[in-house]
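Residue numbering for the sequence shown follows this note's numbering, starting at 5 and increasing by one per position.
Where a beta carbon is used, it is the ideal one built from N, C-alpha and C, also for glycine.
Only a predicted model underlies this, so the values are computations on that prediction, with no experimental measurement involved.
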Amino acid sequence: MSNIQENRTKEGMISKIRENRAFDIIFKIFKPLGVLLQNNKSKAGFLLLLSIIIFAVVGIFYTPYPPNAYLFKKSIPPSYSHLLGTTGYGQDVFSQLIGGAAPTLLIGFSVGILGTLISVFVGVLSGFASKGANEVINAIVNVFLVIPGVLLIMLFGAYFLGIHQNLGYFPTILILVVTGWAFGARTFRSVTLSVAKRDYILSSILIGERKMSIIFRQIIKSIMPVIVSNFFFTAMYGTMGLTFVEYLGVGNLQQVNWGTMLYWAINNEAYLVGEWWWILPPAIFIAVLMFSFILLNFGMDEIANPALRVFKVKKNKVKS
């Protein structure tokens, strides 16, 4: 009986440890979100972005009509059967809007994640590298800073059009990441050089702690708000890059996203013939998406830099 009780006690202790570990993991996952919601600007930006993400997720599984199907009369104004009317080709605009949300967000988030990872790796490495290696990395960063991403995509898009092929999403993401990481890398290099001079970092170096441990356990943790801010900035760059590529007609125009919607609307002069329902919805959604990224960026800047915060001073009423 004693053995059974001991086993039960051990099992109870193990289950508690597992529950604590699970709680710790959940806490670590949602802790950045709690930091993000401390600021009013980032809170508003997060709610806007969350609404667009939900809209995009719904569009993956459901659209009222096939987005690319030519099923209806051309240029029908908004009505009960077509909430945002139809295009000049007889396509449902609302179906295109909700169906094109996911690819637009996917490109922006992919560029944001990959570009930020490269920026953090290069920037932090440069901040801890020797003088010679630092100069080499800095020269490489300066080269990539002057490469115009959208112009490079236009050149590749023109080449693909010349060989009768379309520039897909993957080459677009690749070019935007290659041309979009350098600005963040320079920022992380400066921040790392500043953080590395702090007393607790110098103490860790003196006691023999490994550099990789210092980088991941102390440096990355200290600059996390800057990393999140850089992600939103790079994601905004990726989304705008995709929009310009499709708007200029060098991407795959058979794909449905907000950029191709603008291209076909402008190409058919929707703004001249009064078909506002074709051009305004994608333009407004792109503007709202960019605005959410900007608010999140401003909010993270205020979280990272207390000097930018606005503190409310409560006045004590003097009793007469």
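Pair within 8 Å by beta-carbon distance, residue i and residue j
| i | j | result |
| --- | --- | --- |
| Phe295 | Leu52 | yes |
| Ile80 | Gly89 | yes |
| Ile56 | Val292 | yes |
| Leu266 | Pro285 | no |
| Ile211 | Thr183 | no |
| Pro4 | Ser99 | The chain is shown from 5 up to 324; residue 4 falls before or after that span and cannot be answered. |
| Trp281 | Val145 | no |
| Val254 | Met158 | yes |
| Leu299 | Gly49 | yes |
| Ala269 | Ile288 | no |
| Gln259 | Pro107 | yes |
| Phe174 | Ala105 | no |
| Val230 | Val195 | yes |
Same chain, Cβ closer than 8 Å to residue i, five either side skipped, listed in chain order
| i | result |
| --- | --- |
| Gly278 | none |
| Leu129 | Ile141 |
| Ala197 | A quick correction: the sequence has Leu, not Ala, at residue 197. So the qualifying residues of the chain are Gly131. |
| Leu61 | Reading the sequence as shown, one finds Val at residue 61 and not Leu. Correct list, in chain order: Ala106. |
| Leu149 | Ala186, Phe187, Arg190 |
| Ile33 | Caution is warranted here: a pLDDT of 48 is assigned to Ile33, below 50, making its placement in the model unreliable, and the coordinate value is therefore given only provisionally. Excluding sequence neighbours, Ile33 sits near nothing in its chain. |
| Ala143 | none |
| Asn271 | Gly253 |
Beta-bridge pairing of residue i - partner residues as DSSP gives them
| i | result |
| --- | --- |
| Thr90 | Asp96 |
Close-in-space but distant-in-sequence residues of the same chain around residue i (CB under 6 Å, 5 per side omitted)
| i | result |
| --- | --- |
| Gly172 | Asn256 |
| Leu180 | Val115, Gly153, Gly242, Gly245 |
| Arg193 | Gly127, Ser130, Gly131 |
| Thr264 | Glu250, Leu257 |
| Met216 | none |
| Phe76 | Thr90, Gly94 |
| Phe27 | For Phe27, the predicted structure reports a pLDDT of 48, less than 50, and the residue's modelled location is therefore unreliable. A value from the coordinates is still provided. Correct list: empty, nothing qualifies. |
| Glu273 | none |
| Leu326 | In the structure displayed, the chain extends from 5 to 324; residue 326 sits before or after that span and is not available. |
Presumed contact (8 Å Cβ cut-off) between residue i and residue j, rounded CB distance
| i | j | result |
| --- | --- | --- |
| Asn261 | Glu250 | 6 Å |
| Ser208 | Ile218 | 5 Å |
| Ile177 | Thr247 | Between Thr247 and Ile177 the Cβ distance is about 14 Å, and since that is not below 8 Å, they are no contact. |
Residues near residue i in its chain [Cβ-Cβ closer than 7 Å; skip 5 each side]
| i | result |
| --- | --- |
| Tyr93 | Tyr74, Lys78 |
| Val199 | Ile205, Ile223, Ser226, Ile227 |
| Ile30 | With a pLDDT of 47 at Ile30, under the threshold of 50, the predicted position of this residue should be treated as unreliable, though the coordinate-derived value follows. Nothing listed; no residue qualifies. |
| Leu156 | Ile179, Thr183 |
| Leu118 | Val181 |
| Gly138 | In the sequence as presented, Gly is not what sits at residue 138; that position holds Asn. Result list for Asn138: Ser130, in chain order. |
| Pro68 | Asp96, Phe98, Ser99 |
Touching by the beta-carbon criterion (3+ pairs, under 8 Å), the stretch 116 to 133 and the stretch 156 to 163 | Counting C-beta pairs closer than 8 Å gives fewer than three between the stretch 116 to 133 and the stretch 156 to 163, which falls short of the contact rule.
Discussion item. Measuring CB atoms only, is the stretch 112 to 127 touching the stretch 177 to 194, in the sense that at least three cross pairs come out at less than 8 Å?
Written reply: Counting Cβ pairs under 8 Å, three or more are found: they touch.
Problem set entry | Validate contact between the stretch 110 to 118 and the stretch 235 to 248 using beta carbons, cut 8 Å, 3 pairs | Yes, since at least three Cβ pairs between the stretch 110 to 118 and the stretch 235 to 248 fall closer than 8 Å, the two stretches touch.
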